[in-house]
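What follows is a single structure, written as structure tokens, with notes after it.
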Amino acid sequence: MSDRLPAFGTVRAAGSSDRRFLTRALARPSLPAAVGLVVVVAFFSLQAPALRTVGGLATVLDVAASLGIGAVAVALLLIAGQFDLSVGVMALASSLLSALLIGPGGWPVWPALTASLLAALLVGVVNGVLVVNTGLPSFLVTVATFLVLQGTALAGFEAFAGSTQVRGLDSAQGWSSAAAVFGSFAEIGAGRFHVALLWWLGATALATWALWRTRFGNAVFAAGGARQAARELGVPVRRTTVALFCLTATAGWLIGTLGLFRLESVQLSNAGLGTGLDFVIVAVIGGCLLTGGYGSAVGAAVGALLYAVARQGITLAGWDPRWFQVFLGAVLLVALLTNGVVRRRLKARPRS
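Numbers given in my numbering equal positions in the sequence shown, counted from 1, plus 658.
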């Protein structure tokens, strides 16, 4: 699985070694994140020896999996030059809707999951259509979606359920078969590895293949790199943008569903805007440009790992958890500065 971009500019027969290195570096958006991951792993392996155990590895991968699923989808949207800050609240809202249908509604599990997925896709379509038809910034559109979903989910759940929690979902028809898909795990030594890890790896592999091997991937890069030129060349920019918003909505649904089957219950909670920002931050750390046209799914996955190692390393080292915010802000700033250099280099290189 590779995130190697096509070569930039024209081919030169006699290029200097530093120029060849720059070309190779620009062709791999995940490289800075991978270097950062190695440094962070080395540092926290010394500060928190428990991180080197099987249990520590399982905890890191568990954090990275849920974050990575959303970050990979958001990365594709960023490559197309758009934002979605509603992924976190979509995870909350979809799990609450599934729980309401299964518990108080008495629905079998699979129809309830299908209904919540369709509801998530509808939100994705609304986001995408609003962005492409109104020209409004996707940042603002998805903030509005976040507020609407948050209020509807929290108020609606308590109104229909009559409480802030629904239990006993595991007795519903079809729960065991759905739990095998969304809630299974394997215990290896002292570590418990959840099925979310496989979903994350599968999502990363599928997104990588779609970006580099399909027309859809070409349309994603074209939409973010040169939107107007892409439209003039007949690239389906509008359709691609709507599809990507549906993809991020689906990722939110999947994250919520995985959490629902792990806990076998759902409790009313407040998904802050910071949850949605985390997915964007991880994608940027993974090498995606905020201006679009550059990035990779592999980079987003590596960024999720870096995030998880740092968070768990700080916890296991016994540090004040607030230091993680300092670390995250510093890493984000470095990523933004690096991305700025990349953007200037890309603009300076001639196109073939």
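Ideal Cβ positions, reconstructed from N, Cα and C, are used throughout, including at glycine.
Could you check the C-alpha separation between Thr862 and Ala877 for me, to the nearest Å? Computed Cα separation, rounded: 18 Å.
Is the CB-CB distance between Thr949 and Gly793 below 8 Å? no
Hey, quick one: how far does the beta strand (DSSP E) through Ala844 stretch, first residue to last? Per DSSP, Ala844 is one residue of the beta strand (DSSP E) stretching across Phe843 to Ile846.
Indicate the three-state DSSP secondary structure (helix, strand or coil) for Ser1010 in the structure shown. Because Ser1010 carries a pLDDT of 34, less than 50, the predicted location of this residue cannot be relied on, and no value is offered for it.
Let me check one thing: in DSSP terms, what residues is Val924 bridge-paired to? Val824
Which residues in the same chain have their Cβ closer than 6 Å to the Cβ of Trp858, if we skip the five residues on either side of it in sequence? Ala723, Gly726 and Ile727
Measuring only the C-alpha atoms, how far is Ala955 from Val940? 11 Å
C-alpha gap between Leu780 and Cys904, whole angstroms: Straight-line Cα distance between these residues: approximately 8 Å.
Starting from Gly849, follow its DSSP beta bridges and name the residues at the other end. Ile846
On the criterion of 16 or more Cβ atoms from any shown chain inside 10 Å, does Leu827 qualify as buried, or is it exposed? buried
Return the chain-ordered ranges of every alpha helix (DSSP H) run that is complete within the stretch 898-985 and spans a minimum of 4 residues. 931-943 and 955-974
For Arg686, does the three-state DSSP call read helix, strand or coil? coil
Helix, strand or coil for Thr866? Go by DSSP, reduced to three states. helix
To test your reading of the DSSP string, which unbroken beta strand (DSSP E) runs of 3 or more residues are found completely within the stretch 761-816? none
Please go through the same chain and pick out, in chain order, the residues whose beta-carbon is closer than 7 Å to the beta-carbon of Val801, but skip the five residues on each side of it. If we look at Val801 and ignore the five residues flanking it on each side, its Cβ neighbours are Leu743.
Contact check, Ala959 vs Val730, beta carbons under 8 Å: Ala959 is a Cβ neighbour of Val730, given a cutoff of 8 Å.
What does the alpha-carbon distance come out to for the pair Ala644 and Leu735? Residue 644 is absent from the structure shown; the chain starts at 659 and stops at 1010.
Taking just the CA atoms, how far does Leu947 sit from Arg1002? 11 Å
Would you identify the three-state DSSP class for Leu704, choosing helix, strand or coil? In this structure, DSSP gives Leu704 a helical state, which the three-state scheme calls helix.
When the Cα atoms are used, what is the spatial distance from Ala817 to Gly976? 41 Å
For a quick check, are the C-beta atoms of Thr915 and Val790 less than 8 Å apart? In this structure, Val790 does not lie closer than 8 Å to Thr915 by Cβ.
Helix, strand or coil for Asp742 per DSSP? coil
Leu736, DSSP secondary structure in three states: helix
What does the Cβ neighbour count give for Ala888, buried or exposed, with the cut at 16 atoms within 10 Å? Buried, since its Cβ has 16 or more Cβ neighbours within 10 Å.
Just verifying my parser: in three-state terms, what is the DSSP assignment at Gly832? coil
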